[in-house]
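The structure appears below as C-alpha cells.
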Amino acid sequence: MHSLKADFDELRERIRHGRALGYASFEPIYYLIFPPSQILEAKRQTPAWEAKLHQEGWDVKVFSVAENLWELMYSDPLLPLCIQEDKASPTDWARTNLALADIVTNGGGLLRKLEDALKPLEGNSSALLLVTDLEALHPFIRIGVIESQLQGKFHVPTIFLYPGVRTGKTRLRFLGFYPEDGNYRSVHVGG
Numbered sequence: 230m231h232s233l234k235a236d237f238d239e240l241r242e243r244i245r246h247g248r249a250l251g252y253a254s255f256e257p258i259y260y261l262i263f264p265p266s267q268i269l270e271a272k273r274q275t276p277a278w279e280a281k282l283h284q285e286g287w288d289v290k291v292f293s294v295a296e297n298l299w300e301l302m303y304s305d306p307l308l309p310l311c312i313q314e315d316k317a318s319p320t321d322w323a324r325t326n327l328a329l330a331d332i333v334t335n336g337g338g339l340l341r342k343l344e345d346a347l348k349p350l351e352g353n354s355s356a357l358l359l360v361t362d363l364e365a366l367h368p369f370i371r372i373g374v375i376e377s378q379l380q381g382k383f384h385v386p387t388i389f390l391y392p393g394v395r396t397g398k399t400r401l402r403f404l405g406f407y408p409e410d411g412n413y414r415s416v417h418v419g420g
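If you're matching positions, the sequence shown starts at 230 in my numbering and goes up one per residue.
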C-alpha cells in the first residue's frame with residue numbers, strides 16, 4: 230500500500246510533466262485517492278502539500294467543498310423553512326437530506342461556486358486549484374457529476390483530494406461504499 234506522501238509525490242510529478250508537455254488534449258484534472266480511513270491524515274497533510282506546491286512555483290488556490298456547502302446552505306432563502314420543517318420531524322433524515330441536496334444543486338449551487346473559483350485562474354500558467362473536503366458531498370452529490378458538468382472549463386491543474394477506493398484505471402468508489410463510477414476524465418493517483 231502506498232503512503233499518502235508517496236502518492237502526493239507521484240501526483241506532483243504527473244502535474245509537473247503535464248505542465249512541461251502542455252495539456253491541450255486533456256483537461257488537467259487530478260485525483261489524489263486515499264482510503265476513507267485516512268481522511269484525517271489527509272487533512273493534517275494538506276497545509277504541507279499546499280506549501281510544497283507553492284515552493285515548486287504554483288500559485289495554489291484552495292476550494293473547500295465543506296466551506297462552500299455551508300455558504301450555500303446559510304445563504305439560501307428557504308433555510309428557515311427547512312429548519313422549521315426539520316424541527317417538526319427531526320428523525321426524517323431522507324426528507325432532510327433531500328432538502329439539503331436541493332439547496333446544494335439548486336441554481337447550479339456547488340457547481341457554480343467551483344466554476345467561479347476556476348474562472349479567475351484561467352490564463353495563469355502557474356495557477357493550481359486544490360479541492361478539499363470532498364467527503365462533505367455525502368449524501369448530496371458525488372464529485373464525478375460536478376466534474377462532468379464542468380467539462381471544458383478546467384484550464385489549470387485541479388487536484389481533488391478524494392476519499393475513496395480505486396477499482397480500476399478510471400473507476401472509483403466514493404467513500405468506499407458508493408457504487409463504482411467510471412465516468413471520471415481525470416488522472417488518478419493512489420487508492
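For each residue, glycine too, the CB sits at the ideal point set by N, CA and C. Remember, it's a predicted structure, so these values are computed and weren't measured experimentally.
Neighbour-count burial assignment, Val418, 16 or more Cβ in a 10 Å radius: buried
Backbone secondary structure at Val385 - three-state DSSP: coil
Alpha-carbon spacing of His367 relative to Arg400, whole angstroms: Straight-line Cα distance between these residues: approximately 18 Å.
Any alpha helix (DSSP H) of 4 or more consecutive residues that is wholly inside the stretch 328-359: 338-347
Nearest-angstrom Cα separation, counted from Leu359 out to Met230: Confidence at Met230 is low in this model, with a pLDDT of 49, below 50, so its placement is unreliable and the value that follows should be read with caution. Going from the Cα of Met230 to the Cα of Leu359 covers about 24 Å.
Thr396 versus Leu261 - alpha carbon distance: 14 Å
Through-space distance from Lys234 to Phe292, alpha-carbon basis: 21 Å
Distance CB(Gln378)-CB(Arg414) smaller than 8 Å: no
CA-to-CA distance, Val333 to Lys316, given in whole angstroms: 20 Å
Boundaries of the alpha helix (DSSP H) in which Arg241 is found, first to last residue: Leu233 to Leu250
Residues near Glu376 in its chain [Cβ-Cβ closer than 6 Å; skip 5 each side]: none
Limits of the alpha helix (DSSP H) - the one that Arg273 falls within: Ile268 to Gln284
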